Every structure is written in structure tokens, then in C-alpha cells.
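One structure below.
Numbering (this note's numbering), first residue to last: 41 to 524.
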């Protein structure tokens, strides 16, 4: 099935405990900090019902229509359709939203690739992951990923830390396991469910086993509390914060206070091998839509910088063209990695089509590590106007005539269009929201050293090694085998 926006909103009115600005939220669908991004997700659902979009956003299986975003990929065409769907959505909403569910569901596909590891504990657990992947498809669930624990003082051994700093199982019951702890998660307050899994760890010490748990948690379940960070959407006039007012994806400390997880929602428990599997393969699918989102950020930077140059004719200068070309190279570098990852994709253990891991992870390093550099290049192209332009209310007030005079460039560029462009650029590059988004991109899947570790582990070094061994005429002894 495909849900409607109203069905999604109604599902959020389940009595969930959400806190913003020190107060409990009565209705997450109408609260000013959450309503804009809830509306974006609802729009994603509604578009799938519109005749002009349905063929792009949905597919038919056994006479049932399902979302392309939730479809487990088995062909290159599946990946290209997902890309086309994201493209359609981003252009319709007029911005970039990352946590919409299509990227986080991929983390369950990774777990399905390791279902043999789950079956070692209990065959039911392997069956659970299959069933939940199918459930997301059939129910069109907004599924997110609860990943980062508070962790506490990591210089201490696990058994010397506050045990609640990482999710743990406190007891078993006939109905399921009871968990305690907390996770930081984007969109938890307005999602249906989250895939809760182990955080960073070696997972080689038996003392860690109480934290080696993977399961599905309903975001409105008793004992789940969402303590949200300060929102950006309510910090000003939408005319001055055109991105933050619509696309602030609110993070929360998601506290689990003796939450019951039914056995049918458990994927593994007290199994460090499964925790190792999760950490090693978590982003093999989800990295693709994550990197794809940055491609649209690059498009926004190029568009904002190019419009700024065109309004004053500066795009004719070679120095400006060179900086714009740097932004284009960044953008096209991201696109090339995504295209190549699909073109050289590989079959996974579960029979899915897995993007080429080495190419995909290298693309993630490019997208994340170079984003601060490209943001600075865009700032230089746009200039200091983004930090000195008055707010929209000033253009409408008693001093508005002066602002109309000094912000009008010519008959094509009046003061209002120029103000809108500068407000957009400021929110994209210079605002509190811009800084938050930058940190999010750089750390949402892992810190940079983990990105590089993923590249190292996925790259096949045998080709370069053989090439140099043969070219340098090295002896077979360097291979480490027996010599005669």
C-alpha cells in the first residue's frame, strides 16, 4: 500500500512523549517546530497518489502498489528509479531533507545480508528481519535509525561506565525484552519506528554483550521519550530563513525508560558477532541516498552562487568562472561516484544489488570532506552581502524606500528578488541552520576517520600490488609464500 499524508499524520497522534523548549508537545503534527518537516514527509506520501507522479514514485507487485523508496533493490534499474524519485521529491519541495526514511531502511537490508549470523542465535531472529523489511514495504512505514548512544566516558572499561550510557537489556519476559538507555536520532519525534542497533565498539569483550542488541522500537511506545534540541524553524521570519523554516529536521535524545520490545521485533540480543556484523556493513546501502542528498546541496550552492554572479554580470570574469568550475567539479565528482557505484554494483548475500562499496564510500569521503571547502567557495562568490543585508521586515518598514533604492540593480533585478536570493544564500551558508547542517553531513553516518576506514576495508589492493610487483620485478618472496 501507499499511505496518504493524512494517514501519516494520524499515525503520529499516538500519545507519544515529545519535549521541545522545556514543554511537552501536545500534537507533533501542528507544533510550529515540527509541522514544517512533518508536512514535507506528508507531501512525500501524497505525491505517490498523484497521477502525474505515481509512475515515478511507486511500483506494482502482486496487484498492490508500493513506494519505490521502500523497495529492496535487486537491479540497476531499481537504483535509477530511486534516484529519479528523490530528484522529483527534492524539486517539488524546493529544498533538501535527509531523514525521510528511504535512506534508513537500507540499514535493515544490510542486516538481512547477515541473516545467517542472526540464525545462529535463534532462527526466529532471522525471520524477524525478513518480516520487518516486508512490513515496511506493505505498510509504507516512516522508518528511521536509532544509532548514536550518549556513550559516557569511553576511556573507562565497559563494566565501569554507567550501564545506561549504551542501550542495554535489563530483563527478559515472556512478552519480550525490556531495554534502557538512550539514542540520539534525527526525526524520531515524527517517525513511526526506529531500527535500534549497537553503536561504535570493538564487540570482542563478553562484558559488552548486554549492549549487543538490535530491534525495532515504535516511537510512540510507552517509556519512549523524545527530548528535542532547540529548533531552527521557529527562530525568525520565514522570509529571512527560507530553508530552516521548512526543512529543519529536528534531532532528539530518544530515551528508553524500561521499554518493552516484543520478541517479534527483536533481531539479536546478547550476540557480539551480530553487533560486529552491523558495524561492518551498516551503510552498504544507506550511504547511497545519503551521498545523493549532498548532490542537491551542491546544486543549491551552484545555483545561489551563479545567480548572484549573473545579477551583476560578474559571471563573465575568469576568476568567477574558475570558482564556479570548482563547485561544478565537486558536484560532478559526487554524481560520477553514484553513477559508477550503480554501474559496477554487486550481488549481496541476500540477493540484493549492492552499490560498489569502494566507489560508494570514496564518493562519501569526497562529498563530506569537501563540503566545508565548497561552502567557503560559494561564500566568496556571493560576497559579504549575505552577512549585512537587513531582515525582510526592514524592507517593508519606514526605511523600506531606501532599501528599495539601494538593493535594486536594474530592470531585471529588483530589491525583493535580490533580498530573497541573499536570504536563501545566508540560510544555506552562513546561518545557525547552515552550521548545523554542515556538522550533520560530516557526522550523521560516521566521523571522517570511519569514512576513510570504510574505503580502506572495501578497496581491493591486489590490483595495485600486482601491478607494482610485476613492474618492479619483485621476487615471489614478497608474497609471503614458500620459495624454492
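Using N, Cα and C, we set each Cβ at its ideal position, and we do this for glycine too. Because the structure is a prediction, the values reported are computed rather than measured.
Item, Value
"Residue 382 - DSSP class collapsed to helix/strand/coil", "helix"
"Residue environment, residue 236, which counts as buried when at least 16 other CB atoms sit within 10 Å", "buried"
"Secondary structure of residue 297, DSSP reduced to three states", "strand"
"Cα-Cα separation between residue 286 and residue 361, rounded to whole angstroms", "31 Å"
"Alpha-carbon spacing of residue 258 relative to residue 452, whole angstroms", "52 Å"
"Coarse secondary structure for residue 519, derived from DSSP in three states", "helix"
"Through-space distance from residue 327 to residue 409, alpha-carbon basis", "15 Å"
"Neighbourhood of residue 300 by C-beta, 7 Å cutoff - its chain only, sequence neighbours within 5 removed", "215, 216 and 218"
"Proximity winner among 266, 404 and 479, relative to residue 62 (alpha-carbon distances)", "266"
"Straight-line gap, residue 118 to residue 108 (C-alpha atoms, nearest Å)", "8 Å"
"Residues bridged to residue 373 (per DSSP)", "Paired residues: none, contrary to the question."
"DSSP three-state assignment for residue 401, whether helix, strand or coil", "helix"
"For residue 511, the first and last residue of its enclosing alpha helix (DSSP H)", "502-511"
"Start-to-end residues for the alpha helix (DSSP H) that takes in residue 96", "91-97"
"Coarse secondary structure for residue 476, derived from DSSP in three states", "helix"
"Cβ pair count under 8 Å reaching 3, the stretch 490-510 against the stretch 434-453", "no"
"Per-residue DSSP class, three states only, for residue 224", "strand"
"C-alpha distance - residue 458 paired with residue 447, whole-angstrom precision", "7 Å"
"Nonlocal neighbours in the same chain, by C-beta distance under 8 Å from residue 335, ignoring five residues either side", "371, 374, 375, 378 and 407"
"Close-in-space but distant-in-sequence residues of the same chain around residue 166 (CB under 8 Å, 5 per side omitted)", "155, 156, 158 and 159"
"Residue 89: CB within 8 Å of a non-hydrogen atom of the ligand SAH", "In terms of ligand content, the structure shown is empty, and the ligand SAH therefore cannot be addressed."
"Residue interval of the beta strand (DSSP E) (run including residue 181)", "Taken as a continuous stretch (DSSP letters only), residue 181 belongs to no beta strand (DSSP E), as it is neither H nor E."
"CB contact flag (residue 68, residue 56, <9 Å)", "yes"
"Runs of alpha helix (DSSP H) lying entirely within the stretch 248-312, each at least 4 residues, in chain order", "284-287"
"Beta-ladder partner(s) of residue 234, from DSSP", "184 and 257"
"Buried/exposed call for residue 523, threshold 16 Cβ in 10 Å", "Legend: pLDDT at residue 523 = 48, less than 50; position of this residue unreliable, value from coordinates given subsequently. It is exposed - the Cβ of residue 523 has fewer than 16 other Cβ atoms within 10 Å."
"Simplified DSSP state of residue 155, which is helix, strand or coil", "helix"
"Spatial distance of residue 471 from residue 232 (CA atoms)", "30 Å"
"Reduced DSSP secondary structure (H/G/I, E/B, other) of residue 145", "coil"
"Contact belief for residue 345 with residue 418 at Cβ below 8 Å, rounded distance in angstroms", "5 Å"
"Cβ-Cβ distance between residue 251 and residue 207 below 9 Å", "yes"
"Pair within 9 Å by beta-carbon distance, residue 308 and residue 368", "no"
"Residue 393 (DSSP reduced to helix, strand or coil)", "strand"
"Sheet register partners of residue 216 (DSSP bridge)", "302"
"Rounded C-alpha distance that separates residue 128 from residue 443", "37 Å"
"C-alpha gap between residue 187 and residue 429, whole angstroms", "40 Å"
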